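Residue 139 in UniProt numbering sits at position 139 of the sequence shown, with consecutive numbering throughout. C-beta atoms are modelled at their ideal positions from N, C-alpha and C, and glycine is treated no differently. Since this is a predicted model, take the numbers as computed values, not measurements. This report concerns only the one structure given below.
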Amino acid sequence: MGACFGKEGSSSSNNNNSKSQNNNSHTARVHNNNSSHLDNDTAADMDMEENANPNSGNYDVKLLLLGSGESGKSTFFKQVRIISQRPFSEIERRRVKNTVHFNVVSSMAVMCQKLKDLNEHDQLSEELQQCSERVLALSKNRSFMTSTTAASKGGERNFYTEEIANDIEKLWNNELIQRVFKTHRNQVHVFDGAEYFFERLDRIKRSDYVPSEEDLLHCRQKTIGIVEVSFEFEGLKFSLFDVGGQRSERKKWVNCFEGVSAVVYVSSLADYDLKMYEDDSLNRMDDSLNVFEGLCNGYFKETPIIIVLNKTDIFKKKLQVHGIDTCFSDYKGDLSNYEESVQFIRQKFLALNKFDEQRIWMHECCATNTEDVRVVFDKIKHQVADWKKKHSNK
């Protein structure tokens, strides 16, 4: 993995966590030019490009949100926007309708393709084989792939027809598809929010369907460029910048490094048994650790870094099937024990740090849970504000 981190110097708790928020003013500002670009390799993602300039602005605290692709980083960002009293408008929610549909079609398509790869597709009834073929054909339709971009720009074309909606519902209720979902979802890259939407097929197929904020949080979206949300806390003006986490986007990170007060680094606990989309030979957890090692020992060696270990809900479920020894051969603890497994992963991150251990803080959360993020982000704000005040005169 490379060099190794120092010991943890700060717990995820903070003595100031109990401070009242009653005196804090929260305002949110989001730069948005409503443009997006389709990545051919990940067409199921809705790509949102924003116009935020991370190196200019009237703020006291600049937080940089980083992390690998699919870590849940952008979901965390959306939650911060929501809890900072800047909810998503109906217009913004309508724009992701096609993306929700694409997420559903793409997820079902990869499971149907897996049945073919397993030579089990012909075990489906003739009717379901036809359903499967229609879903596979639509998933490869270039116009459908670009429909997410058109929708984000205000275009409108409905590829998610009643026939396709019924096809997906029938397939989802089939035991072969259910088995693929339960036993092969990691191999075929079914995204984390798939089950959430499959359980809501009746709602999302309605002609008057408008995605809810919860739908937005579960929808697969990949940030292109830089997005920003601003708010005030304890008399300080904060700006949080989210930068794309896919490998193709990381080269842009350096453009945001100037004047960073703290880095919020999001890593998915549930990635220990997953491979990278861009490179099937690389484990996602290893990639996340490698990226963190480069950040904390490089440009940000003197900057506070808050590690957010995300997707605790999925992680707990996965541990009941197989433990983290699939990624960490040196793990000797209870394979199904959540606390032991999390502590081991925490130490893997902390052991990489070669510099001041007091600047590294860690939290765990489920980014799709608004209250969970509210609690964690409140701790982060206190930690960063206290650090800022303590070191402002140094």
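Open item on the list: According to DSSP, is Met-145 part of a helix, a strand, or is it coil?
Closed with: helix
Open item on the list: According to DSSP, is Leu-295 part of a helix, a strand, or is it coil?
Closed with: helix
Task: Distance, Ser-392 Cα to Asp-378 Cα - done: 21 Å
Open item on the list: Taking DSSP's pairing of strands, which residues face His-363 in a bridge?
Closed with: Val-308
Task: Thr-75 to Glu-92 span [Cα, whole Å] - done: 15 Å
Open item on the list: Looking only at its chain, what residues have a beta carbon closer than 6 Å to the beta carbon of Arg-134, apart from the 5 residues adjacent to it on each side?
Closed with: Asp-167
Open item on the list: Given a cut-off of 8 Å on the beta-carbon distance, is the pair Leu-289 and Lys-348 in contact?
Closed with: yes
Open item on the list: Quick check: what's the CA-CA separation for Phe-197 versus Asn-98?
Closed with: 13 Å
TODO: Report yes or no: do three or more beta-carbon pairs, one from the region 192-212 and one from the region 76-87, lie closer than 8 Å?
DONE: no
- [ ] Can you check DSSP and say which residues form a bridge with Phe-238?
- [x] Val-61, Phe-231
TODO: Identify the continuous beta strand (DSSP E) that holds Ala-262 and give its terminal residues.
DONE: 262-268
Open item on the list: With a threshold of 8 Å on Cβ separation, who are the neighbours of Ser-212 within its own chain once the five nearest residues in sequence on each side are excluded?
Closed with: Arg-93
Open item on the list: As a quick exercise: from Leu-236, Glu-70, Thr-368, pick the residue whose alpha carbon is nearest that of Asp-313.
Closed with: Thr-368
Open item on the list: Contact defined as beta carbons within less than 8 Å: I believe Asn-103 pairs with Gly-225. What is the distance between those atoms, to the nearest angstrom?
Closed with: Asn-103 to Gly-225, Cβ: 21 Å. No contact.
Task: Whole-angstrom distance between Asp-372 and Phe-88, CA atom to CA atom - done: 19 Å
Open item on the list: Quick check on DSSP: helix, strand or coil for Leu-174?
Closed with: What sits at residue 174 in the sequence shown is Asn, not Leu. If DSSP states are grouped into helix, strand and coil, Asn-174 belongs with coil.
Open item on the list: Using the Cβ count rule (16 or more neighbours within 10 Å means buried), how would you classify Ala-262?
Closed with: buried
Task: Distance CB(Asn-173)-CB(Leu-124) smaller than 8 Å - done: no
Task: Cβ-based neighbour list, Val-291, same chain, cut-off 7 Å, excluding 5 preceding and 5 following - done: Ser-68
Open item on the list: What does the Cβ neighbour count give for Ser-143, buried or exposed, with the cut at 16 atoms within 10 Å?
Closed with: exposed
Open item on the list: Rounded to whole angstroms, what is the Cα-Cα separation between Gly-235 and Lys-73?
Closed with: 26 Å
Open item on the list: Check this for me: beta carbons of Val-384 and Glu-364, under 8 Å apart or not?
Closed with: no
- [ ] Please go through the same chain and pick out, in chain order, the residues whose beta-carbon is closer than 8 Å to the beta-carbon of Ala-28, but skip the five residues on each side of it.
- [x] Bear in mind that a pLDDT of 43 at Ala-28, under 50, signals an unreliable position, so the number given afterwards is only what the model happens to contain. For Ala-28, where only same-chain residues beyond five positions count, the Cβ hits under 8 Å are Arg-81, Ser-84, Gln-85, Arg-86, Val-229, Ser-230, Phe-231.
- [ ] Look at the Cβ atom of Ile-360, then the Cβ atom of Ile-345, and state whether they are nearer than 8 Å.
- [x] no
TODO: Look at Tyr-328 and Ala-270 and say whether their C-beta atoms are less than 8 Å apart.
DONE: For the record, residue 328 in the displayed sequence is Phe; it is not Tyr. Not in contact: Phe-328 and Ala-270 (Cβ atoms no closer than 8 Å).
Open item on the list: Given this structure, state the Cα-to-Cα distance separating Val-61 from Met-285, to the nearest angstrom.
Closed with: 29 Å
Open item on the list: With H, G and I counted as helix, E and B as strand and the rest as coil, what does DSSP make of Lys-275?
Closed with: strand
TODO: Please classify Val-80: does DSSP put it in a helix, a strand, or coil?
DONE: helix
Task: Straight-line gap, Leu-350 to Lys-114 (C-alpha atoms, nearest Å) - done: 38 Å
TODO: Determine the contact status of Phe-241 and Leu-63, defining contact as a CB-CB distance below 8 Å.
DONE: yes
TODO: Give the straight-line distance between the Cα atoms of Val-188 and Val-210, rounded to the nearest whole angstrom.
DONE: 29 Å
Task: Separation of Arg-220 from Val-190, as counted between CA atoms - done: 11 Å
TODO: Let me know the secondary structure DSSP gives Val-342 once reduced to three states.
DONE: helix
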